[in-house]
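Residue numbers (this note's numbering): 1090 to 1252.
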């Protein structure tokens, strides 16, 4: 089956079995390796990407369900030279230990901030609950999200970019 996908603002054509999980297409066919294989069951969140602005587990999302939809991966948020505000906050708070879960954590957090730029701590915790960090850096991850909220609020208030 040939599919036309919009990934990180780029139109891509992929020929694959329609039941292939999105994660495999991203990693094996498109060399977008930010999303990680964790459990393969949609239970850990290492593979989290956004589809139409919603956080989804790419390991259990069949590629056939994505024709005409907008997909965003960690590679679509920023890069080492120009990281997104959320990526900057994760770095400043040293939210990663081994780093395996971090792309999924960032993508889930970005979906929340895109929908609600000023979430409460309870909203952040509830939204992030499906993603697991096996190293136990959840407190730093939550702190990074809160820091990104503060950074974004400061940008709006001052009209300036802030580190």
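Ideal Cβ positions, reconstructed from N, Cα and C, are used throughout, including at glycine.
Backbone secondary structure at residue i - three-state DSSP
i	result
residue 1109	coil
residue 1177	helix
residue 1184	coil
residue 1199	helix
residue 1235	helix
residue 1115	helix
residue 1155	helix
residue 1169	coil
Between the CA atoms of residue j and residue i - distance to the nearest angstrom
i	j	result
residue 1211	residue 1219	14 Å
residue 1153	residue 1236	37 Å
residue 1242	residue 1090	45 Å
residue 1045	residue 1147	Lying outside 1090 to 1252, the shown extent of the chain, residue 1045 is not represented and no answer is given.
residue 1252	residue 1102	Reliability of the predicted coordinates at residue 1252 is poor, the pLDDT of 48 falling under 50, and the value obtained from them is presented with this limitation in mind. If you take the alpha carbons of residue 1252 and residue 1102, they lie about 37 Å apart.
residue 1141	residue 1159	5 Å
Buried or exposed by the 16-neighbour rule on C-beta atoms within 10 Å, applied to residue i
i	result
residue 1194	buried
residue 1187	exposed
Expected contact under 8 Å - CB spacing of residue i and residue j to nearest Å
i	j	result
residue 1139	residue 1196	6 Å
Strand pairing of residue i, partner residues [DSSP]
i	result
residue 1137	1146
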